[in-house]
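Numbering (full-length UniProt numbering), first residue to last: 1 to 245. Here's the structure, in structure tokens; my notes come after.
Following this line, the structure appears as structure tokens:
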């Protein structure tokens, strides 16, 4: 028989008073003993049953799957943060070089010719160009080992991205074939300039997930060719190379 005493005040709960029953253990409590008070018809669970329900939820496969997914998202965020930190350190280094060079210039008593001024300006421009060039390279990937074809480079890259479930718009700034195409049966290389380093990271992640990409999936007839060495190159992103074959 269910205990007829109130869970809070421990007094007998008779039929005339307003009360509410736990939906799980069926124990009762006076509505006036609850804070805030609730309607006798409301769905209510006592503290003990509520805690048991919470603990059982934490141990379900669904909850563990959710936590694993959140952990994966956190890892992706950490990788992006590390890339941003590396970029910030590089820019700080070049800024320090420029400041040091400017300081040395201030210590020169007299600049006697425009040739010296031009040299200073050239050195500053070199540093700026180096910084900009490094920033641009962070957005590039090189795809090599592709079967030789007359297909437009942009169409080839678009087909590759579609096969990897990547968007075909707002990703690519430009792409073009580099080097001379070898004879039929050989290989060709494509340079892809993406709109941002974040887009480049998306591409590497998609390649790592796909692992194997057959040539016929991206419009080539050679079924034996496939994307290889993805994992090793992904772990060394700084190289920016991906090999097909």
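All residues carry an ideal CB built from backbone N, CA and C; glycine is no exception.
Could you check what DSSP says for residue i in three-state terms: helix, strand or coil?
i           : result
residue 61  : helix
residue 177 : strand
residue 48  : helix
residue 35  : coil
residue 78  : helix
residue 5   : strand
residue 28  : strand
residue 240 : Low per-residue confidence applies at residue 240: pLDDT is 49, beneath 50, and the placement is therefore not dependable, though the value from the model is reported in the following sentence. Residue 240: coil per DSSP, three-state reduction.
residue 16  : coil
residue 119 : helix
residue 140 : strand
residue 203 : helix
residue 169 : coil
residue 189 : strand
residue 164 : coil
residue 91  : helix
residue 125 : helix
residue 70  : helix
Am I right that residue i and residue j are in contact with their C-beta atoms under 8 Å? What's the rounded C-beta distance?
i           : j           : result
residue 24  : residue 49  : 4 Å
residue 52  : residue 28  : Residue 52 to residue 28, Cβ: 18 Å. No contact.
residue 148 : residue 187 : 7 Å
residue 94  : residue 66  : Not a contact, Cβ separation roughly 43 Å.
Is the CB-CB distance between residue i and residue j below 7 Å?
i           : j           : result
residue 46  : residue 9   : no
residue 20  : residue 36  : no
residue 206 : residue 175 : no
residue 89  : residue 164 : no
residue 189 : residue 178 : yes
Using only alpha-carbon positions, find the residue among the options that is nearest to residue i.
i           : options          : result
residue 143 : 194, 126, 97     : 194
residue 139 : 191, 106, 89     : 191
residue 196 : 87, 68, 72       : 87
residue 161 : 178, 199, 98, 76 : 199
residue 26  : 34, 43, 98, 33   : 43
residue 201 : 79, 72, 31, 33   : 79
residue 130 : 16, 100, 159, 91 : 91
residue 204 : 61, 17, 76, 16   : 76
message = For the pair the stretch 166-181 and the stretch 118-131, tell me if three or more CB-CB distances fall below 8 Å.
response = no
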